[in-house]
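Numbered according to our numbering, the first sequence terminates at residue 117, and the numbering increases by one at each position without gaps.
Cβ coordinates follow ideal geometry from the N, Cα and C atoms, glycine included.
A short worksheet on the structure shown next.
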Amino acid sequence: MSEMPEFASQVLDVVDTIPSGCVMSYGDIAEFLALGRGPRQVGRVMAVYGGGVPWWRVIHSDGTPAPGHDESALRHYLAEGTPLRSARPPVRVDMRRARWIPSPSPKIV
DNA sequence: GTGCTGACACAGG
DNA sequence: ACCTGTGCCAGCA
Numbered sequence: 009m010s011e012m013p014e015f016a017s018q019v020l021d022v023v024d025t026i027p028s029g030c031v032m033s034y035g036d037i038a039e040f041l042a043l044g045r046g047p048r049q050v051g052r053v054m055a056v057y058g059g060g061v062p063w064w065r066v067i068h069s070d071g072t073p074a075p076g077h078d079e080s081a082l083r084h085y086l087a088e089g090t091p092l093r094s095a096r097p098p099v100r101v102d103m104r105r106a107r108w109i110p111s112p113s114p115k116i117v
C-alpha cells in the first residue's frame, strides 16, 4: 500500500465529514485546515487520492464541480438533493445554501 | 536551480 | 457565460 502525505490524509478526512447534500470549496478546506497550503494543493490531493471520498462534494468557490466530472457529480447532487442553481451544463451548486463548514476538531486541543 | 503545469481564487473585460 | 491575467503553492522534467 502506498503511504500518503499528512496533508492529503487531513484533506480526505475533512471531505469524508461533509454531509450528504452539502459541499465545500477547495479554498474552504484549505482555510479550515489552516495549514500553509492553498486551494491548489487541496485540488491536487483530490486529483490523486480523491478516489475514496465523496469528491463531488468538493467544488470550486463558484459552485461548479470538478472539471471532467460534472456529469457524475450532477447525478450525485440529484440523488442527495443538493441545492442546484443550474441542473444543466454548466452545472452549478447553490453555494449559498449548500456550503457547509465543518465544526472544529473534536479532539486535538 | 529553472520553467511549466495543475480537480484554485479573484478581479477585470 | 466566457476568457485573460495575477497571486499562490507544490510536483515534476
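Item: Residues of its chain near residue 18, where Cβ-Cβ distance is below 8 Å and the 5 sequence neighbours each way are ignored; Value: 41, 43
Item: Residue 88 beta carbon less than 7 Å from that of residue 28; Value: yes
Item: Close-in-space but distant-in-sequence residues of the same chain around residue 66 (CB under 8 Å, 5 per side omitted); Value: 23, 26, 31, 32, 33, 34, 37, 50, 54, 58, 74
Item: Backbone secondary structure at residue 56 - three-state DSSP; Value: helix
Item: Sheet register partners of residue 48 (DSSP bridge); Value: According to DSSP, which records beta bridges pairwise, residue 48 is partnered with nothing at all.
Item: Enclosing alpha helix (DSSP H) for residue 65 [first to last residue]; Value: No alpha helix (DSSP H) holds residue 65; DSSP gives it neither H nor E.
Item: Per-residue DSSP class, three states only, for residue 94; Value: strand
Item: Nearest to residue 97 (by Cα), restricted to the options 109, 78, 111, 112; Value: 78
Item: Identity of the residue in 103, 11, 16 nearest residue 61 by Cα; Value: 16
Item: Sequence-distant residues of its chain with Cβ nearer than 7 Å to residue 71 (five each side left out); Value: 93, 100, 101, 102, 103
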